[in-house]
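These notes concern the structure reproduced below.
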Amino acid sequence: MTEPLVLYAVSERIATLSINRPEKRNALNPELVAQLTAAFERAKEDKEVKIIILKANGNTFSAGADLSYLQQLQQNTYEENLADSENLKNLFTTIYYLPKVVIAQVEGHAIAGGCGLATVCDIIFSVPEANFGYTEVKLGFVPAIVSCFLLRKTSETIAKRILLTGALFSAQEALNYGLITFVTSREDIGLNVKNFALSLCNETSANSLMVTKQLIGQTTNPDLDRSLSEAVRINARVRETEDFKKGIAAFISKEKINW
1234 MTEPLVLYAV SERIATLSIN RPEKRNALNP ELVAQLTAAF ERAKEDKEVK
1284 IIILKANGNT FSAGADLSYL QQLQQNTYEE NLADSENLKN LFTTIYYLPK
1334 VVIAQVEGHA IAGGCGLATV CDIIFSVPEA NFGYTEVKLG FVPAIVSCFL
1384 LRKTSETIAK RILLTGALFS AQEALNYGLI TFVTSREDIG LNVKNFALSL
1434 CNETSANSLM VTKQLIGQTT NPDLDRSLSE AVRINARVRE TEDFKKGIAA
1484 FISKEKINW
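For what it's worth, the working numbering labels the leading residue of the sequence shown as 1234, then goes sequentially.
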């Protein structure tokens, strides 16, 4: 029997969601996006859960989209790409609007969509060895959906620097940019994340956490839904361009792209 792509466990009022695709560096595909969305919805409704931890099995938090998925995108119609982009948006907004606090435990590289997945969590712990990056422009793609969240976590200057270059940056740089919350050693991250989650469980009101999270989201992102709708359309349109097809073909064949 095939293991699920997302493992779900609850202990001490903490739900742990573990991305379980280590052989593919926890790369995103439609099945994983769907299972992650369902797992967050399950945790939302679980009366035994107050705080949620998102982590990943293996050495990579998430490498972004996987190769077979990227190949499929080149064959999709505009309507199919629109629906696919909508599914990714739904995952990110499910996390962002969830009435429970979501903590990301990043113990490996978080790249492209994987970086976006970490970005939308409320609190992000990372090991110092992890690299982050939105590498989409190097493939002829755009970080459309995540940009809607990123621009509200950091300045326009920093957002342009990391989105336009597609360069990788360290956990310490991510901390300096305001993208993550804590950098902690690999030996300590599990305990530190658990203790942080337990402190929220034992020292704060669930209703107050929910309302405060809603307050922050609504006051800092009043136009988020409109921005995301436009980002979904941009995402789908870019997938039809020659640059996207050229970039993905070169990436799949491991050839250097001459832009």
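Backbone N, C-alpha and C define an ideal beta-carbon position, used for all residues, glycine too.
Within 6 Å: the Cβ of residue i and any heavy atom of the ligand NAP?
i, result
"residue 1490", "Questions concerning the ligand NAP fall outside what the structure shown contains, since it holds no ligand whatsoever."
Would you decide whether residue i is buried or exposed? Buried here means 16 or more other CB atoms lie within 10 Å of its CB.
i, result
"residue 1367", "buried"
"residue 1456", "exposed"
"residue 1468", "buried"
"residue 1329", "buried"
"residue 1481", "buried"
"residue 1419", "exposed"
"residue 1486", "exposed"
"residue 1444", "exposed"
"residue 1298", "buried"
"residue 1428", "exposed"
"residue 1441", "exposed"
"residue 1242", "exposed"
"residue 1251", "buried"
Can you give me the Cβ contacts of residue i inside the same chain, cut-off strictly under 7 Å, excluding the 5 residues immediately before and after it?
i, result
"residue 1277", "1331, 1332 and 1333"
"residue 1377", "1464, 1467 and 1468"
"residue 1460", "1381"
"residue 1211", "The chain is shown from 1234 up to 1492; residue 1211 falls before or after that span and cannot be answered."
"residue 1411", "1386 and 1387"
"residue 1257", "1299"
"residue 1311", "1469 and 1473"
"residue 1270", "1323, 1324 and 1327"
For residue i, which option in the options has the closest C-alpha, if you only look at C-alpha atoms?
i, options, result
"residue 1345", "1261, 1472, 1451 and 1422", "1261"
"residue 1403", "1363, 1310, 1448 and 1489", "1363"
"residue 1238", "1409, 1263, 1268 and 1256", "1268"
"residue 1396", "1415, 1369, 1322 and 1343", "1369"
"residue 1489", "1250, 1243, 1373 and 1323", "1373"
"residue 1462", "1270, 1316 and 1405", "1316"
"residue 1450", "1341, 1430, 1427 and 1327", "1327"
"residue 1342", "1324, 1361 and 1335", "1361"
"residue 1347", "1265, 1454, 1272 and 1438", "1265"
"residue 1259", "1270, 1279 and 1289", "1289"
"residue 1409", "1392, 1424 and 1421", "1392"
"residue 1296", "1430, 1448 and 1255", "1255"
From the DSSP secondary-structure annotation, give me the bridge partner or partners of residue i.
i, result
"residue 1241", "1250"
"residue 1364", "1403"
"residue 1379", "Answer is none; residue 1379 lacks a bridge partner."
"residue 1343", "1295 and 1365"
"residue 1465", "Residue 1465 is not bridged to any residue."
"residue 1338", "1358"
"residue 1289", "1252"
"residue 1284", "1247 and 1334"
"residue 1415", "1358"
"residue 1261", "1298"
Under 8 Å Cβ to Cβ from residue i, same chain only, skipping five residues before and after it: list those, please.
i, result
"residue 1434", "1245, 1246, 1247, 1283 and 1284"
"residue 1405", "1361 and 1416"
"residue 1279", "1243 and 1248"
"residue 1263", "1302, 1317 and 1320"
Who are the Cβ neighbours of residue i in its own chain at under 6 Å, not counting the five residues just before and after it?
i, result
"residue 1339", "1294, 1351, 1359 and 1363"
"residue 1478", "1307"
"residue 1401", "1364 and 1366"
"residue 1492", "none"
"residue 1318", "1465, 1468 and 1469"
"residue 1337", "1287, 1351, 1354 and 1357"
"residue 1484", "1372"
Cβ pair count under 8 Å reaching 3, the region 1470-1477 against the region 1382-1395: no
Counting beta carbon pairs with one atom in the region 1302-1315 and one in the region 1345-1355, are three or more of them shorter than 8 Å? no
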